[in-house]
Structure formats: C-alpha cells, structure tokens
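Chemist: Chains F and L, in that order, are what the protein sequence lines are. The opening residue of the first sequence carries number -3 in the working numbering; numbering runs sequentially from there. The opening residue of the second sequence carries number 91 in the working numbering; numbering runs sequentially from there. From the three backbone atoms N, C-alpha and C, an ideal C-beta is built for every residue, glycine too.
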Amino acid sequence: MEITFQASDLWGILPALILIAFASVAALMEVFARPDQSRGFIAGFGAIGSLVALAVSIWQWTGIEGAYQVPLFGKMLVMDAFSTFFNGIFAVGALLACLLGGRYLREHKADFGEYTALVLFAAAGMGLMVQSRDLVVMFVNLEIMSIPIYVLSGFVRKNRRGAESALKYFLMGSVASAVLLYGVAFLYGMTGSTDLVAMREAFDADKALGTSLLVKVGMVFLLGGLAFKVALAPFHLWTPDVYDGAPTPVTAFMAAGVKAAGFAVMVRVFAVTFGFDALEFGADGKGWVGLFYALAVATMFAGNLAAIPQVNVKRMLAYSSIAHAGYLLVGIITGAFGDLGSATSAATAIGGNSAVLYYLLTYAFSTFLVLAAISLFGKDGEEFVHISDFAGFGFKRPFVALALTLGLLSLAGIPPLGGFFAKFYLFREAMALQKPEMVWLTLLAIVNSMIALYYYLRVIVFLYMKEPTREVPAFESKGAVAVMIVALAAVLLLGLFPDGYVEMARRSVESLALR
Amino acid sequence: METNLPIHLIVFLPLLGAAINGLLGRRFSWTTITAIACMASLVPFILSVQAFFHMRETGAEVLRQVPLFTWFATGTFSVDLGFTIDRLTAIFCLNVTGIGFLIHMYSSAYMKEDEGYFKFMSYLNLFLFSMLMLIMGENLLLMFVGWEGVGLCSYLLIGFWYTDHANADAGKKAFITNRIGDFGFLLGMFFILYALNSQGLPMSLSFEDLQANAGQFSELATIIGLLLFVGAAGKSAQVPLYVWLPDAMAGPTPVSALIHAATMVTAGIYMVARMNFIYVQSPMAMTVVTAIGAITALFAATMGFAQNDIKKVLAYSTVSQLGYMFMGVGVGAYAAGLFHVITHAFFKACLFLGSGSVIHALHHEQDTRKMGGLLKKMPITGWTFALSTAAIAGLPLLSGFFSKDEILWKVFSNQTTLIPGWVFWLVGVAGAMCTAFYMVRVYALTFTGTYRGEPEEKHGHDAHGHDDHGHHHGGVKYDDIHESPWTMTLPLVVLAFGAVFGGLLGLPHWMPGHPTNQFDHWLEPVFGAAHGLKFLDNTSLELGLMAVSVGLAALSALVAWHMYAGKGKHLPGQIAERIRPVYTLVFNKYYVDELYAAVIVRPIKAFARFSWRVIDDGLIDGVLVNGPANLVHLTGRLVRLFTTGDVQRYAFFVLGGVWLLVVVWLAE
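#1: Does the stretch 574 to 581 of chain L touch the stretch 384 to 396 of chain L, meaning 3 or more C-beta pairs lie closer than 8 Å?
#2: Quick one: grab the DSSP three-state call for ILE449 of chain L.
#3: Between LEU218 of chain F and VAL268 of chain F, what straight-line distance do the alpha-carbon atoms span, to the nearest angstrom?
#4: In chain order, what residues of the stretch 714 to 725 of chain L put their CB closer than 8 Å to some CB of chain F?
#5: Once you ignore the five residues that flank LEU449 of chain F on each side, which residues in its own chain have a CB closer than 7 Å to its CB?
#6: Would you list the one or two residues that DSSP bridges to GLU379 of chain F?
#7: Of all Cβ atoms in chain F, is any one closer than 8 Å to the Cβ of VAL744 of chain L?
#8: Look at the alpha carbon of ASN287 of chain L and the alpha carbon of ALA204 of chain F, and state the distance between them as a whole number of angstroms.
#9: If you measure beta-carbon to beta-carbon, which residues of the stretch 438 to 469 of chain F are closer than 9 Å to chain L?
#10: With distances taken Cα to Cα, identify the nearest neighbour of ARG156 of chain F among F:GLU378, F:THR465, F:TYR497 and F:LEU404.
#11: Quick one: give me the first and last residue of the beta strand (DSSP E) that PHE492 of chain L is part of.
#12: From F:VAL505, F:LEU176 and F:ALA181, pick the residue whose C-alpha is nearest to that of GLY220 of chain F; which is it?
#13: Can you check DSSP and say which residues form a bridge with PRO67 of chain F?
#14: What's the call for ARG503 of chain F, buried or exposed, on a 16-neighbour Cβ count within 10 Å?
#15: Which first and last residues belong to the alpha helix (DSSP H) in which ILE248 of chain L is found?
#16: Using a Cβ-Cβ distance under 8 Å, would LYS255 of chain F count as near chain L?
#17: Can we say the stretch 99 to 109 of chain F touches the stretch 50 to 69 of chain F, given the rule of at least three CB pairs closer than 8 Å?
#18: Would you kindly report the start and end of the unbroken alpha helix (DSSP H) that includes THR187 of chain F?
#19: Just checking my contact of THR377 of chain L with LEU508 of chain L at CB under 8 Å: how many whole Å lie between their CB atoms?
#20: Could you please tell me which residues of the stretch 562 to 587 of chain L, in chain order, have their CB closer than 9 Å to any CB of chain F?
#21: Quick check on DSSP: helix, strand or coil for ALA426 of chain L?
#22: Within a Cβ cutoff of 7 Å, which residues of the same chain sit near VAL431 of chain L, ignoring the five residues on either side of it in sequence?
#23: Counting only runs that start and end within the stretch 383 to 428 of chain L, where is the alpha helix (DSSP H) found for 4 or more residues in a row?
#24: Alpha carbon to alpha carbon, what distance is there between HIS98 of chain L and THR160 of chain L?
#25: Given a threshold of 16 other Cβ atoms within 10 Å of its Cβ, counted over all protein chains shown, does VAL261 of chain F qualify as buried or as exposed?
#26: Given a threshold of 16 other Cβ atoms within 10 Å of its Cβ, counted over all protein chains shown, does PHE319 of chain L qualify as buried or as exposed?
#27: For GLY555 of chain L, count neighbouring C-beta atoms within 10 Å of its own C-beta (all shown protein chains included) and say buried if the count is 16 or more, exposed if not.
#28: Looking at chain L, is there any beta carbon in it that lies within less than 8 Å of the beta carbon of LYS212 of chain F?
#29: What are the residues in the stretch 223 to 234 of chain F lying within 7 Å of chain L by C-beta distance?
#30: Could you give the distance in angstroms between the alpha-carbon of THR187 of chain L and the alpha-carbon of SER138 of chain L?
#31: In whole angstroms, give me the CA-to-CA distance for MET72 of chain F and ASP191 of chain F.
#32: Taking the alpha helix (DSSP H) that LEU113 of chain L falls in, what are its first and last residues?
#33: Buried or exposed for LEU247 of chain L, going by 16 or more other Cβ atoms inside 10 Å?
#34: DSSP on GLY221 of chain F, reduced to helix/strand/coil?
#35: DSSP state of GLY271 of chain F, grouped into three classes?
#36: Give, in chain order, every residue of the stretch 645 to 664 of chain L whose Cβ lies closer than 8 Å to some Cβ of chain F.
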C-alpha cells in the first residue's frame, strides 16, 4: 500500500475540503461570538459553505464529459460521477439542515454554532466515504460521518430522550463499526487487499475464492455494518428511538444524508467488488441476491407494519424510513443480476442501481419536506409530534400543511410527485428482468406501498379533517419555509420531468464501471 | 399546413383567465374581474377571426401547430396534445368565442350584484377553454377531455346558486344524464381502437388518421356510429336523454344562452359531423340519427305549448331545434345541419338573453302569466326578441328560414336513410308548425297586452332593489320596469342582427346570383367522405315544398297571434278544457320524468341502498377492509414489541442478525 500525493488530488476532494474549512471556521465563530448573540448567522454561514460545496460539485460534474473516474491519493480515494452525484446530495442536505436548524435551535434554547460545524463535518465525511476506494479509508470516513451525527442527535441537551437516543446510537454504532471492521479484516485476509478494485481483480483471477467461507463471512459482516447505518431489519431497532429523540432537523439530515451515504457505499462495494461476474452468483443462484432478498422482504414488512400503530409522527417516519430502505434494496437486487463491467448485462446493473440513486434523491427531498414542517412543532426542548397535535393544522398554516401533505404523498408514492416516479422507475427495472422471483418481490413491495398509504394518509386526515383538541405551539421560521419551497420544487420537478435526473443517475452508475 | 398563427393561445387564454379569476378573483374588484374574463374571450375571438380570414385568403384546409407534447404513449397507442383548425373548427371557433364574448359582456351586468361573480366569470372562462379543446383537439381523446370539461362546467353553472336545493338537483341531473351519454362515447372510442388493432393499424385517434383509415371500420361502422351517437344524444339533449336540459334552466340565464343553447349542446352535432366518415358507411346509423332527431324535433316542440316559464319554453325549443340539426347531419347533409347550428346560435342566444333581460327587469320573475305589455318599457329587448322569434319561426329571408328549409329539403330528398325521406319531412314540418305557434305565444304573452304582474298593494314599494336576488316576492310595479343597461342590450342587438342576416352566410343555390351555397362550399373539404351520398336534384319541388312548410308555419303563427295577442284570448282556455286529458299530458311533459323515476331512478336507488348496507358496510368494510387492517394492526403491535428501548437487546439483534445471515447463507 503506497500513498502518493499530488496537488491535483486536492481538486478531487474539493467539496469535502470546502465543507471542512467552513466547519472549522463555524466552530471558531462560536467561540468568538458574544454569549447573548443569536447563532443564526453561523447557520447562515454554514448554508453558504454548503452552497459553495454544491457549486463545486456541479462544476466538477459539468466540467468533465460523460461518466468519469479519477483515482486520487494513490487509489485511496476516487472522484467519479457517482461520488459527485452524492456530494451534490450531501451538500444540499447540509444546506437544508443549516436552514432548518437555525431557528429550531433558538426555539429549543440550544442555540450553539457547533451545530453548523457538526453538520458540515458530517457532510464532508459522507462525501469522502462515498469517494473511498479503499475499505480502510472508507471506514475512517464512516466514522468522520458518524461521530458528528452521534453528537447531533443529542444536541438539545434539555431533551432527555434526545440524550438517551444519542448514547444508544453511539453504543450501537460502535458495535456496528466493529462488525464492519471485522468483515474488512476477513476480506483482506482472503484477497490480500483492501482496495475495492484490487479485490475484484482477485476474485476474477480465482473464481473459487469467491465461494470460500471466509469471504462469505467477511461480506456478511461488512454488509451488517452498512445495514446498521441504513437501518435494514434486523439491524434497524435503534432507528425509531434515535429518529424520535434527535432534533427534527438532525432527523431529516440523517434520513436524507446518512441513508444515502450508506446506500452509496453499498452500491459501490456490491456492484463493483462483488459484482455478478466476479463471484458467478448467477450460475448456481447462490449469490448474495438471496441474502438481500430476505433482507428486503424483512425490512419492508418490519418498517411498514411497525409504522401502523405509531401515534408519534416522528417514530412513524422512522419506521417509514426503514420501509424505504427495503424498497431501495429491490433496486440493488435488480442491479445484482448484471455486472457493470460486462458487455451483455451492464444495462441491468445500470438500470437497477441508477433506480436506487434516483430513489435516494427523491427520498432526500421528500423527507426534508415532511420533517421541515414537523420541526415547527415544539418549544424549549419539547417537541409536539403526537398525531393529534396536527389536528386542524391544515387551516391554521395552509402552506406548511400543504408542504407536509405533499411530502407525505411523495413518500407514499402518489403521482405526480417525485416519490411516485422513483418507485415506478425502481419497480419497472425490477419487472424488466422478467424473473418470477423479481415479480414476486415487486408485488410484495407494492403491497407494502399500499400498507404505507394508511399511516401517511392518517396524518393528512388529522391535518384537515379533525378538530384540534389542544393548543400546540408551532413557531414561524423563514428558514423552514425556504427548505419547504426548495424541497417542494425538487419533488415536483423530479415527479414531472424525471428524464434529466434519470440520466444523471445513469451517468453516475456508469462511472463505477471504469477501472 | 403548419402555421405561425398562435392557435394554442386560442385554447389556453380562457384557461389562464379562469385560473387568475378563480384563484385570486375573490380579492379583485368588479372591473378587474370583468376585464380579465372579457379579454380572455375577446382575444381568442380576434385570433379566431384572424385564422378564419387567413384560411379564406390562402385557401388552406387545415391550420396546425406542432403538438405541444405527446400526452402519453403506450406500445402502439400514443396520443398527442395538439390543436388544429380546419374549416369546420374555424366556424365553431368563431361561434364559440364570438357569442362567448358577447355573453361574458352581458354577464358582467347580469351577475354584477352576485357575490360569486368572480367564480361565475371564472367558470365561464373555463367553459370556453373546455369547449375550444373539444372542437380544436386534434384527436378523439382530446375531444373527449373537452367533452367532459364542458359537462363539468355545465354542472357547476347549472348549480351555481347551489344553496337552493332544486338548482343543485338540476345540476346533478344534467351531470348524471350526460354520464350515460359519455359511457356511449367511451364505448364507441374503445370500438374504434379495437377496430384499428384488429386490422393491425397503428392505434392513433387523431382525426386525420381516423379519416384515412375509415374504410377499415366497415363492419363496425354501425356499432361505432350508434355508440358515439349515444354520447351525442346525451350532450345535445335528444330523446331519450333530453330530460336534463329543461331543468338546466335553473342556472343563471347567460349560462342558458351560452352553454344550453348556443354552444355546448351543439357538441353532439359537431361530433357526428366530425365523424362523418364513419356515419356515411352505415345507412342504419344514419337512419337512427335522423329518426331520433325527427322524434325529438316534434316531441319537444309539443311540450313547448303548455309551458308557462319563459325559459322552459326556450329550453324545449332548443331541444326541438337540436333535433332538426340531427336530422340534417343524420341524412348526410352536414353543412345544412351545421348551418342551422350557427343560425340557431344567433337567434336562440338572443332569445335567451332577451328573456334574461326581462327576468332581470322583473327581479327574477320567469312566469309569462305575470308578464305582458313589456314592449313599451323594454323596446330593445322586445324588438330583438321579436326578430329572433320571427327567425326561429322561419319567416322567409331571416336566418332560420334558410337553415331550416335547407334541412327539410335535404331530409326529403335524401336517398340514403332506410325510412323514406318524406316521412321525416312531414314530422319536421309538423314540428315547425308547433315552433311557430309556441314562439309567437311566448312573445305575445311577454311583450303584448297588459301587464299582469302588478304587486298586491300590501307589499308596498319595497319590492325594488337588487338586495334579494334570486327570490320571488310581490313582483315589480309596471312603472318601475326599465330597459337593461347597454352591456346587456348591445349583445342583444348584435345577436338579433345575426338572427336576421345570418342566413346570408349560406344563401341556397336557387337564390339569384348564388350558383353554389357558400357555406356548403367552405365546408366541402371536411366532408369529402359524404360526397357519394345521393340527393334528389329538383329545384321546383324544393321551392314547392318550402312554400308548403312556410305557409303552414305562417298559418300556425297567425292562429297563435290571434289566440294570445288578438281577439281570441278566450280560446286557449276553452281548447284546454275541451281536450283536458291531452292538455294534462302535455302540461306534465308526457310524464317522462315520472317514468324515468319509476323505471330507472328508484330501482337504482334501491340497489344502491343494498350495495351500501350489505355489500359495502357488511362485506367490504367489515370483512375485506377492516379485516386486513385489523390483521396488519395486530402484526404491527407484535413487530413493535422488538423495539423496547433496551440497548443490550438491540446489540443482541445486531450481532444475532449478522450470524443469522451467515447461517442462512451457508445453509442455502
């Protein structure tokens, strides 16, 4: 393992560098700010940093033609269209989290600039994690992402549930990290490398290697660690506690950012290293497809069924995010029937995995839309997120309620919103394989989507059709309104004019195939 | 041909107007609302005129722009969202936007005091949009979208004063009756697709392709034609689906004039004319269309005899006139039928607006028994009404004379229908006699004689004022009646002008200096398929029959004048007494509504109650809906048990999960 460095490598990780720079300054700003001063300006500063990072990502994306891949730091990291796509999502996630957080923290008497710094650090970690080509570097970046998130989930210290959830998340996250690292160790032992491409080459060279016990164990452990981050059943149990206990803007950032980062790594690892041709899974049908299949079904049902009895809307959304992770697996499984490097089956791999990317993009905006509205309910460390707290709200604050409604409908997958097209694209790719097991999986996913309608629509029923039982404080926030406008526009665009974004997702996945 | 004329604007400007007034109108002043709504109808009118003259100058047969986008495409079936103007459309565009604009203007005064004014104008604009979509859509599906759109607007506007239960019911009746027709339309469309598919042709519903492929339908032409005609009969109020139109008079009078006389109700005729290439292939379908038209023409006209509500008379008259139009398009004389659409639009819109002017002046009194002598007080309204009455009665050289007699002659001379043409001709002449009679009657009752609506003394003078719109009260004193404002009378004058001179558009071939009928000539390219139809060619017979029908109608009109304006005022009562059973039958509109209620409505209601109580509440809600919901709920509670909040247990699940996966995978 030889690490080389040249100045041009810095260009490749510029979005992360910018986020880190802004984060560091934001942390210093907190130190030098007057104690009685509102920290809104720090959040604004963070928003600007996110915008700059977004602009750089767009610049990188448009600066290079087609699907590109540039190895950085002696193949430790990589800059490809895939990572740029996700850098864009993370920058937007950080932007929305900053916009949402400023006012929220003031209302909850936790107005500290570190919030901004932590959000930006986490976003930088997510970006670098997706850019990692080496599993050890990937692990380090996973921790760069995770640790700020642990802190953020307990950021409102007055809220005891928040503090408890932060500790739980940290403990469980440590377990998951250990599992993941253990898996990396196994894989290194068997292939002699932690470089994703080199590992793939090892599998290609020796077909028997892929079916050996220790590779399988290593892969499952690696998967277990990632499954924890993206909340797949049975690794999802922390999710409701943490999503509920964390400050709502952080919940949104987690649902949009951490989930996307986890899935991005999963796509990179499983589509590149453990691709269809590498382990010859297709031949005897004993690939990780079956494993993912079981995970997908378990996750969809565990999320949706547990969401139904919830009366706490944030908990309900936590379970819903689990269910969405289940749908996303359908895309990964679809992609697994093809290999990016193969001439014959690349289209399948690109189709399935790009559907995952598209889904993550719409899910990020939909979930921000919903949680931006929900973040307004609360005061002084206490959030009012019982479903009955929303009764009659539709007529008190029509715009916020409309945004919430459309966000929920998008999550439910109702046309013409983005969530509909994302599901449609995902399921279409799955059905296009014309394999009975995929038809069954899609049917199960559709049944689950129907179950999910129940709990999404129930919130809307409360918004518009129930009489309020008590007065619930809901503050006004320009930042939240800005978030809702951005997210609403994005959800509508993604639903009405999907072509351009589908093309983006496809280009991203295509770039993974390059060596 | 491709054109630079902004065709799409004609369609979308009214939509824009509807959106602005509908969404923001609540805060606008009367002036702003009026300006927006009127511009949204005037500009499309100007554009239509421009398109029309462009076509005249260049001799173009079709104007089109690139379709906006492909609406949807599934397999071989794709539908574009595009609009075209051909010669038929051009005429309808002028009719719809021209009369539409006049009625917008009229409404600005008529509805001024109504608190829902912005809503009303927004609906009118929305109606224009839908109607233009119906006539300009480049394919059958877009036509259907417009078809449904005008139905919706009609429903909204009939029930505009929805706080009155009867109005809301009338709206529902119109909507439901139209749905029956729409069902036929849809089935017809499905049959077309089926026919295309079974011939291996691309499934395109654009009129151009349909016309090109029309020959392939031969076997199915009859069934397609008849199904589409069910739709036409619903929209254009033909027997047996006419029942909604008289009730639709519950809507504000400008609506009756625009939607229920001049434009929407002629959509059925437009559709049959548009699909002429299918009808000409089926003498059976043509005969049915003609026969239904003839039956309706006479049947509705007789119902006009015994009505006392001025708008109801006009409504039955409209139904009857629509019957004539169907007779025309039924025998394949498409230009003749459409010519009557245009002339009828002038005189019937004028009659409705005239009745509206009267109703406005009398503060929502619609009963002709409480009118009389109004000509002196409302000369413009009275004279325009008189001219339009003469036009509809078929007074020679007025517009209605030319169009009606052309239809009657074509019906007589046609060689296609399975029933000989003279039968239909007789029915048509009988209907014309009835028309002349009841129209003169309603004019005489309203405008001549002495005023019969003086309020009873005890009501005092407080009856004047607009504050109680829509409610009947003691009536208006004769001395207080005055002519309507210019925004209402100007449309009357313009329309009356059209009613008198509209016939010039299509002077028949026997008029000196007119070897060909210009109107027919203009439409010729659209009806290429109908060229093969045979008609008798005998000008002296044509003139002779015309003399007979005009003479009979004139006689009938004179009798009516004698009975209601002249010395014979005792006669109506005596006659009614003499033929009491017949009179009762006619007065109650042949009990058709009661018949439908007994045969259709009540059984459906009974079935609905059964479905609701037993099937819906019991089976669906109880077993199918709540069953799975309860099951899901139960499982949900079970699944939730895993999330206990206990960290050790969570850790156990993470590690256990990993090992479970390993074991599962290895065991596989």
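Modeler: Concretely, from the data shown:
#1: They do not touch, by the three-pair rule.
#2: Here residue 449 of chain L refers to the residue found at position 359 when the second sequence is read from its first residue. Of the three classes helix, strand and coil, the one that applies to ILE449 of chain L here is helix, per DSSP.
#3: Indexing the first sequence from 1 puts residue 218 of chain F at position 222. Indexing the first sequence from 1 puts residue 268 of chain F at position 272. About 15 Å.
#4: Residues of the stretch 714 to 725 of chain L with a Cβ closer than 8 Å to any Cβ of chain F, in chain order: ALA719, VAL722, HIS723 and THR725.
#5: For the purposes of this step, residue 449 of chain F is taken as the residue at position 453 of the first sequence. If we look at LEU449 of chain F and ignore the five residues flanking it on each side, its Cβ neighbours are ALA408.
#6: Within the first sequence, residue 379 of chain F is the residue found at index 383, counting from 1. Its beta-bridge partners are F:GLY374.
#7: Here residue 744 of chain L refers to the residue found at position 654 of the second sequence. By this cut-off, VAL744 of chain L is an interface position.
#8: On the second sequence, position 197 is the one that residue 287 of chain L refers to. On the first sequence, position 208 is the one that residue 204 of chain F refers to. If you take the alpha carbons of ASN287 of chain L and ALA204 of chain F, they lie about 54 Å apart.
#9: Hits within the stretch, in order: ILE447 and TYR450.
#10: Taking the first sequence and counting its residues from 1, the one referred to as residue 156 of chain F is at position 160. Per the Cα distances, F:GLU378.
#11: Taking the second sequence and counting its residues from 1, one reaches residue 492 of chain L at position 402. That residue, PHE492 of chain L, is in no beta strand (DSSP E); its alpha helix (DSSP H) goes 489 to 503.
#12: Position 224 of the first sequence, counted from the start, is the residue given in the question as residue 220 of chain F. Here the closest residue by C-alpha is F:LEU176.
#13: Here residue 67 of chain F corresponds to residue number 71 of the first sequence, with the count starting at 1. Per DSSP, F:VAL74.
#14: Residue mapping note: residue 503 of chain F aligns to position 507 of the first sequence, counting from 1. Buried: at least 16 other Cβ atoms inside 10 Å.
#15: On the second sequence, position 158 is the one that residue 248 of chain L refers to. Element bounds for ILE248 of chain L: 230 to 248.
#16: Start at 1 with the first residue of the first sequence, and residue 255 of chain F comes out as number 259. No, no contact with chain L.
#17: no
#18: Sequence index remark: in the first sequence, residue 187 of chain F carries index 191 (1-based). Taken as a continuous stretch (DSSP letters only), the alpha helix (DSSP H) holding THR187 of chain F covers 156 to 187.
#19: Locating residue 377 of chain L in the second sequence gives position 287, counting from the first residue. Locating residue 508 of chain L in the second sequence gives position 418, counting from the first residue. The pair is a contact, with the Cβ atoms about 4 Å apart (cut-off 8 Å).
#20: none
#21: Translated into the one-based positions of the second sequence, residue 426 of chain L becomes position 336. Correct three-state label for ALA426 of chain L: helix.
#22: For the purposes of this step, residue 431 of chain L is identified with residue 341 of the second sequence, where counting begins at 1. Answer for VAL431 of chain L: THR356, ILE359 and MET415, listed in chain order.
#23: 400 to 420
#24: Residue 160 of chain L sits at position 70 when you count from the first residue of the second sequence. Residue 98 of chain L sits at position 8 when you count from the first residue of the second sequence. About 15 Å.
#25: For the purposes of this step, residue 261 of chain F is identified with residue 265 of the first sequence, where counting begins at 1. Buried, because 16 or more other Cβ atoms sit within 10 Å of the Cβ of VAL261 of chain F.
#26: By 1-based counting over the second sequence, the position of residue 319 of chain L is 229. Under this definition PHE319 of chain L is a buried residue.
#27: Position 465 of the second sequence, counted from the start, is the residue given in the question as residue 555 of chain L. For GLY555 of chain L, the predicted structure reports a pLDDT of 40, less than 50, and the residue's modelled location is therefore unreliable. The matter cannot be settled from this model.
#28: In the first sequence, the residue the question calls residue 212 of chain F occupies position 216. Judged by the 8 Å Cβ criterion, LYS212 of chain F is in contact with chain L.
#29: For the stretch 223 to 234 of chain F, the set of positions with a beta-carbon nearer than 7 Å to some beta-carbon of chain L reads PHE224, PRO230, PHE231, LEU233 and TRP234 in chain order.
#30: Within the second sequence, the letter at position 97 stands for residue 187 of chain L. Within the second sequence, the letter at position 48 stands for residue 138 of chain L. Rounded to whole angstroms, THR187 of chain L to SER138 of chain L spans 8 Å at the Cα level.
#31: As a position in the first sequence, residue 72 of chain F is number 76, starting the count at 1. As a position in the first sequence, residue 191 of chain F is number 195, starting the count at 1. Going from the Cα of MET72 of chain F to the Cα of ASP191 of chain F covers about 8 Å.
#32: Numbered from 1 along the second sequence, position 23 holds the residue referred to as residue 113 of chain L. Segment 97 to 114, the alpha helix (DSSP H) holding LEU113 of chain L.
#33: Here residue 247 of chain L refers to the residue found at position 157 when the second sequence is read from its first residue. So LEU247 of chain L counts as buried.
#34: Residue mapping note: residue 221 of chain F aligns to position 225 of the first sequence, counting from 1. Here GLY221 of chain F sits in helix by DSSP.
#35: Here residue 271 of chain F is taken as the residue at index 275 of the first sequence, counted from 1. DSSP places GLY271 of chain F in coil when its eight states are reduced to three.
#36: The residues in question: there are none.
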